[in-house]
């Protein structure tokens, strides 16, 4: 970021660039109240202050004032936790990013509260690559999700839920088996301006459960769920009862396309992936197929190195109920 800012000032953090940074990033009401936490602001100010000192214009009063505020700020965030921000935009012909300045389905930013390490929070409180890839898929395929009732299994930090809200899903239920992950997802939804008024909510759901009167989604989504071979059977159970619930009770008289589940995976353990595909193929009620996804999607994340490194190992599976008589 600092490199790009100095390039605007021909190698220096000029006074004009400093004023823009203070106004657009540090004092902007949205970023100040929703996105960047105290620690990040402090680190950003420190780097900017050092660069400004080396410039011909020196440090502006506005930047010096912001630097002093951040140095004196009391850290209110939870120990072992942080906030991170990612930006996305429409991918142009030259792999450049275009779009509006508002956070919507075409371009914007998503902020997430995350745990620094596995011991500080559940596995659902981290930024897993497959979740961001699935969110990218949602943002790139607006027509497939707009107006749809969606359930996410293993919602984790909530990036897919935010993406679904931004493309106009009719309702979104973000579920996880970890109470801590559910609470964190709920906080992250609100952090990104997504609330109950947007028909987006969270719930605790363990895949072994089979609750009566459960949701009737058009689409089930999940990412990075194949981390343990012991999770395969419960996952297939959860997908099956959700699909069957929609088939039995979801229509309420109106015509709806058959529901389907989309499972995004980073191939880490080939044996677990093979087990999932084998058990899905053998399943009495499900049919499964791999979905071809372009390496460069219509909407993509900006400078997300971990995701770029994982792309060759990313897979998307679609699960649906078998047709009557067991025919695919």
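In this note's numbering, the protein residues as written are 947 to 1274. Positions of the beta carbon are idealized from the N, C-alpha and C atoms, including for glycine.
Residue 1227 is bridged by DSSP to nothing; it lacks a bridge partner.
Rounded to whole angstroms, the Cβ separation of residue 1225 and residue 1182 is 6 Å, and the two are in contact under 8 Å.
Counting only runs of 3 or more residues that sit fully inside the stretch 1145-1220, the beta strand (DSSP E) segments are 1146-1150, 1165-1169, 1206-1212, in chain order. DSSP places residue 1086 in the uninterrupted alpha helix (DSSP H) bounded by 1075-1086. In its chain, beyond the 5 residues on either side, 1172, 1211, 1213, 1261 have a beta carbon closer than 8 Å to the beta carbon of residue 1219. The alpha carbon of residue 1115 has as its nearest neighbour, out of 1098, 1130, 1129, 1122, the alpha carbon of 1098.
Its chain contains 1234 as the residues whose beta carbon lies nearer than 7 Å to that of residue 1227, once the 5 sequence neighbours on both sides are disregarded; these appear in chain order.
In terms of Cβ geometry, residue 1094 and residue 1165 form a close pair [threshold 7 Å]. The DSSP-derived three-state label of residue 1057 is strand. A Cβ-Cβ distance of about 6 Å is found for the pair residue 1053 and residue 1034, placing them in contact under the 8 Å criterion. For residue 993, the CB contacts under 6 Å within the same chain, skipping 5 residues up- and downstream, are 948 in chain order.
Residue 1110 has its alpha-carbon roughly 11 Å from the corresponding atom of residue 1089. Under the three-state reduction of DSSP, residue 1135 is assigned to helix.
For residue 1151, same chain residues with a beta-carbon under 6 Å away, outside a window of 5 residues either side, are 1121 in chain order. Residue 1169 and residue 1077 do touch by the CB rule: their CB atoms are close to 4 Å apart, below 8 Å. According to DSSP, residue 1235 shares a beta bridge with 1264.
About 14 Å separates the CB atoms of residue 1192 and residue 1232; that is not less than 8 Å, and the two are not in contact.
At the C-beta level, residue 1163 and residue 1205 come within 7 Å of one another.
Between the alpha carbons of residue 1074 and residue 1002 lies a distance of about 42 Å.
Here residue 1029 is bridged, per DSSP, to 1059. In this structure, residue 1012 places its C-beta atom within 7 Å of the C-beta atom of residue 991. A buried status is given to residue 1207, since no fewer than 16 other beta-carbon atoms sit within 10 Å of its beta-carbon.
It is roughly 6 Å from the alpha-carbon of residue 1071 to the alpha-carbon of residue 1102.
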